[in-house]
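Same order as they appear, the protein sequences are chains A and B.
All letters in the first sequence, in the order written, are residues 1 to 351 by our numbering.
All letters in the second sequence, in the order written, are residues 1 to 351 by our numbering.
Ideal Cβ placement from N, Cα and C applies to all residues, glycine included.
Predicted, not measured: the structure shown is a model, and the values here were computed from it.
As structure tokens, the structure follows; a few thoughts come after it.
There are 2 protein chains.
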Amino acid sequence: MRATIIHGPGDIKVEDRDYPTIKLPTDAVVKVTASCVCGSDLWPYRGIGKNRGARAIGHEFVGVVEEIGAEVTDLAVGDFVIAPFVDSCGKCPQCLNGVTVACDHLTSWGGDDENGHYVEGAQGEAVRVPQADGTLRRVDGVTDPDQALTANLLTLSDVMSTGHHAAVSAQVGPGRTVVVVGDGAVGLCGVLAAKRLGAERIIAMSRHEDRQTLAREFGATDIVAERGDAGVEKVKELLGGVLADSVLECVGTKESMEQALASTRPGGNLGFVGVPAGGAELPIGLLFSKNITVGGGMAPAHTYIPELLADVLAGKINPGRVFDVEMPLEDAAEAYKAMDERRAIKVLLKP
Amino acid sequence: MRATIIHGPGDIKVEDRDYPTIKLPTDAVVKVTASCVCGSDLWPYRGIGKNRGARAIGHEFVGVVEEIGAEVTDLAVGDFVIAPFVDSCGKCPQCLNGVTVACDHLTSWGGDDENGHYVEGAQGEAVRVPQADGTLRRVDGVTDPDQALTANLLTLSDVMSTGHHAAVSAQVGPGRTVVVVGDGAVGLCGVLAAKRLGAERIIAMSRHEDRQTLAREFGATDIVAERGDAGVEKVKELLGGVLADSVLECVGTKESMEQALASTRPGGNLGFVGVPAGGAELPIGLLFSKNITVGGGMAPAHTYIPELLADVLAGKINPGRVFDVEMPLEDAAEAYKAMDERRAIKVLLKP
């Protein structure tokens, strides 16, 4: 089968690999019908962080169950499934607490599982899913979704669940004022999540016209293009002299975290989901004196999928709109390039 | 009148000062009937932080209104009042949000107010209270409280409100498991607050027998004397292999923050109220990967006093038990010494 391999910074190739097979009785093999490139895939692509050598990449996919191990009980061949961006067992205390991303038996796509068996990356034709019952979410009543529904379902794998996590962590709710820092797919999904949770006012910080348009479509009431102190002043002006109740940090850099902290009112809540990179810090003295509560981290997509899926299937939310470009899997290298150069918000890859 | 002055590290003197008078129409003058020494007063006493020169000290008191300015409407001469540990206006957006400690017109005891007028410290015979309507909390039906009630009311000025803030910030509630790091007066009040909020299990980390006894009286179900990794292991063992849902950090040092972070389960909540001193940090990578939410800071005592006062007056809580020593104001130097040497948990000073 064909699979996307990152060899090093800027070096993405689609290559031949063995088709996955069941290794453990708790495995399933899923034929990928859609995958995509994540903003966090751009970190290794740009050479940020440790170079882990050539490896399969991609952690977001939807598809159809092709084969199941003898101990898989909640899935059947032919089921259409959403894979969260990490594997989880569903049985440990962390999973039972809903914090599947801290699962005691956590496995990442494109790495090895606990037993040392290779796990395929999501940007390929098929994947062996360890702990399949604990990991996958079945989409009942769906077998062959059209392009729009496929895109919507695929966002639940990561970006929509992550935007939702930012909003939940920032205590977004009815009557709350919200600032979203970051206009990538996650930030845009954060806007949509804030709207869905009943926020009164949603300010999207964005300097790109196409993203501003989508932010407004998703529920942003205001756009702030300014950054730094000027951005904070603009937020304050829009909110009648006070900063925001809830701020969603959806980037992960030093600058975006500073922007987010400076936009939060005393006693407000900051939800951060941007993978920390480039010196982002949480200054304890500032949090102490301003009584800012900070929460977030990796989103427990597995936990959030049921409620978000219900709204997708009911036609209430269309997070799939973040995919502005679709390409065949073979063009993965170009997909990375388009996202790196900000020519695309998020690229959907069709195997 | 007599007032406590800190001249530098270890140098506490009780001296003569002018009796306060009304300076602004929004002022009140309060005759102090009880004050006390705070754990945070020990920072300058120990020479930690900036030496601000000779100044009046103390920020917790209760007393009787002796005089009011022409614009004071919510208080009358003879009212018994509790003073939160900072002054606040009650009208700015932060006060209206309940975050009185971030008041736009914040004033500290023992400093100057916005108009440059001196404000007395709490460890003295009387205090001019700026923004009196916004700052003070009247205790209806009480004019001359006995020793036990005085002690209870005095804790609402700071330590009980602060312990409550730690518990609220750590999302303590029915069914939650709790670890309290710090066995000073604030930590002990944190135990009481956790009990009051319905926690299922409350583990107090303490190595001092007198404090362990009071922690149990306040509702601690378990005591852990070990620290560091051994302490974390003990917590895990007591909680059946999982760390705590809610952790209250009530010290403010690097070690106590590390202990608190290491005691919080993935997806748990850490409430921190210890004034950060000595390199306490919030490591963003750990919070991200463990999905730990951190909140807290200076407690908005003014906001919390009504609900806590109701429970004090109803005899439901007795936070005043943290005062294990009472001394005349004249012995303030000895009071500091006793607390510094941990011979006292908290000393009440009677002018």
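**Where the region 149-163 of chain B meets chain A: residues whose CB sits under 8 Å from a CB there** = none
*asked:* So B/Leu348 and B/Cys36 are supposed to be a Cβ contact under 8 Å. How far apart are they, rounded?
replied: By 1-based counting over the second sequence, the position of residue 348 of chain B is 348. By 1-based counting over the second sequence, the position of residue 36 of chain B is 36. Sure, about 5 Å apart at Cβ, within 8 Å.
query: Which value, in whole angstroms, describes the spacing of the CA atoms of A/Gly358 and A/Val65?
result: The requested residue 358 of chain A is not part of the displayed model; chain A covers only 1 to 351.
Exercise. Anything in chain B within Cβ reach of A/Ala280, meaning under 8 Å, just list it in chain order.
Key: Along the first sequence, read from residue 1 onward, the residue named residue 280 of chain A stands at position 280. Neighbours of A/Ala280 on chain B, chain order: Ile284.
If I measure Cβ to Cβ from B/Gly163 and keep anything under 6 Å in the same chain, skipping five residues before and after, which residues do I get?
To locate residue 163 of chain B, count along the second sequence from 1; it is residue 163. For B/Gly163, where only same-chain residues beyond five positions count, the Cβ hits under 6 Å are Val186, Cys189, Gly190, Ala193.
**Q.** A/Asn269 - containing beta strand (DSSP E), residue span
**A.** Position 269 of the first sequence, counted from the first residue, corresponds to residue 269 of chain A. Here the beta strand (DSSP E) through A/Asn269 covers 264-272.
Using DSSP's beta-bridge definition, name the partner residues of A/Val432. For residue 432 of chain A there is no data in the structure shown, the boundaries of chain A being 1 and 351.
*So which residues of chain B does A/Ser169 contact, with C-beta pairs closer than 8 Å?*
One-based indexing of the first sequence puts residue 169 of chain A at position 169. Result: Thr293.
* Asked: Ends of the beta strand (DSSP E) at A/His7?
  -> For the purposes of this step, residue 7 of chain A is taken as residue 7 along the first sequence, with counting starting at 1. Unbroken beta strand (DSSP E) run through A/His7: 2-8.
Give, in chain order, every residue of the region 176-189 of chain A whose Cβ lies closer than 8 Å to some Cβ of chain B.
none
Within a Cβ cutoff of 8 Å, which residues of the same chain sit near B/Asp210, ignoring the five residues on either side of it in sequence?
Stepping through the second sequence from its first residue, residue 210 of chain B is reached at position 210. Answer for B/Asp210: Asp324, Ile345, listed in chain order.
Name the two residues that bound the continuous beta strand (DSSP E) containing B/Ile284.
Translated into the one-based positions of the second sequence, residue 284 of chain B becomes position 284. Element bounds for B/Ile284: not the beta strand (DSSP E) but the alpha helix (DSSP H), 284-290.
Could you check whether B/Met205 and B/Gly231 sit closer than 8 Å to each other, using their CB atoms as the reference points?
Locating residue 231 of chain B in the second sequence gives position 231, counting from the first residue. Locating residue 205 of chain B in the second sequence gives position 205, counting from the first residue. Contact flag set, yes.
| task | Starting from A/Val101, find everything on chain B with Cβ-Cβ shorter than 7 Å and list it in chain order. | result | The residue given as residue 101 of chain A occupies position 101 in the first sequence. What A/Val101 touches in chain B: Asn291.
Tell me, please, whether the region 51-63 of chain B touches the region 5-20 of chain B by the rule of three or more beta-carbon pairs shorter than 8 Å.
yes
Cβ pair B/Arg196, B/Asp311 closer than 8 Å: As a position in the second sequence, residue 196 of chain B is number 196, starting the count at 1. As a position in the second sequence, residue 311 of chain B is number 311, starting the count at 1. Cβ atoms of B/Arg196 and B/Asp311: closer than 8 Å.
Would you tell me roughly how many angstroms separate the C-alpha atoms of A/Leu156 and B/Ala338, rounded to the nearest one? The residue you call residue 156 of chain A lines up with position 156 of the first sequence. The residue you call residue 338 of chain B lines up with position 338 of the second sequence. Cα-Cα distance, rounded: 59 Å.
### Helix, strand or coil at B/Met327 according to DSSP, with G and I counted as helix
Position 327 of the second sequence, counted from the first residue, corresponds to residue 327 of chain B. Residue state, collapsed to three classes: strand.
- [ ] Using a Cβ-Cβ cut-off of less than 8 Å, give me the residues of the region 92-122 of chain A that come near chain B, in sequence order.
- [x] Pro93, Gln94, Asn97, Gly98, Val99, Val101, Ala102
Would you say A/Val129 reaches chain B, if we count a Cβ-Cβ gap shorter than 8 Å as a contact? Residue 129 of chain A sits at position 129 when you count from the first residue of the first sequence. Chain B, which has no Cβ nearer than 8 Å to the Cβ of A/Val129, makes this no.
Since A/Gly182 and A/Val251 should fall inside the 8 Å C-beta cutoff, what is the C-beta to C-beta distance between them, to a whole number of angstroms?
As a working note, residue 182 of chain A is residue 182 in the first sequence. As a working note, residue 251 of chain A is residue 251 in the first sequence. Rounded, the Cβ-Cβ distance is 4 Å, consistent with contact.
Item to complete: Give the DSSP-derived three-state secondary structure of A/Asp41 in the structure shown.
Response: For the purposes of this step, residue 41 of chain A is taken as residue 41 along the first sequence, with counting starting at 1. Helix.
Handout entry: Nearest-angstrom beta carbon gap, B/Arg2 and B/Pro351 [assumed within contact, 8 Å]
Key = Taking the first residue of the second sequence as 1, we reach residue 351 of chain B at position 351. Taking the first residue of the second sequence as 1, we reach residue 2 of chain B at position 2. Right, their Cβ atoms sit about 7 Å apart.
Suppose contacts are defined by Cβ-Cβ distances below 8 Å. Is B/Val81 in contact with B/Arg138 by that definition?
As a first step, residue 81 of chain B is located in the second sequence; it is residue number 81 there, counting from the start. As a first step, residue 138 of chain B is located in the second sequence; it is residue number 138 there, counting from the start. Going by C-beta atoms, B/Val81 is nearer than 8 Å to B/Arg138.
Of the residues that make up the region 230-247 of chain A, which ones have a beta carbon closer than 8 Å to any beta carbon in chain B? Gly241, Val242
Contact check, B/Val178 vs A/Thr293, beta carbons under 8 Å:
In the second sequence, the residue the question calls residue 178 of chain B occupies position 178. In the first sequence, the residue the question calls residue 293 of chain A occupies position 293. No, Cβ-Cβ distance for B/Val178 and A/Thr293 is not below 8 Å.
For a test of the three-state rule: what should DSSP assign to A/Phe218, helix, strand or coil? Position 218 of the first sequence holds residue 218 of chain A. Helix at A/Phe218.
**Prompt:** Is the beta carbon of A/Val172 less than 8 Å from the beta carbon of A/Ala199?
**Reply:** Working through the first sequence from its first residue, we reach residue 172 of chain A at position 172. Working through the first sequence from its first residue, we reach residue 199 of chain A at position 199. Yes, Cβ-Cβ distance for A/Val172 and A/Ala199 is below 8 Å.
Query raised in the report: Using CA coordinates, which residue listed in A/Met257, A/Glu258, A/Ser289, A/Leu261 is at the minimum distance from B/Phe272?
Result: Translated into the one-based positions of the second sequence, residue 272 of chain B becomes position 272. When each option's Cα is compared against that of B/Phe272, the closest is A/Ser289.
Exercise. Can the beta-carbon of A/Thr21 be found less than 8 Å from the beta-carbon of A/Gln131?
Worked result: Here residue 21 of chain A is taken as the residue at index 21 of the first sequence, counted from 1. Here residue 131 of chain A is taken as the residue at index 131 of the first sequence, counted from 1. Contact: no.
Where A/Leu329 meets chain B, residues with beta-carbon distance less than 8 Å: Against the first sequence, residue 329 of chain A aligns to sequence position 329. Within chain B, no residue comes near A/Leu329; the closest Cβ sits about 30 Å away, beyond 8 Å.
- What residue ranges within the region 32-112 of chain B form continuous beta strand (DSSP E) runs of no fewer than 3 residues, ordered along the chain? 61-68, 80-83
Quiz prompt | Status (buried if at least 16 other CB within 10 Å, exposed otherwise) for A/Thr264 | solution = One-based indexing of the first sequence puts residue 264 of chain A at position 264. Flag for A/Thr264 reads buried.
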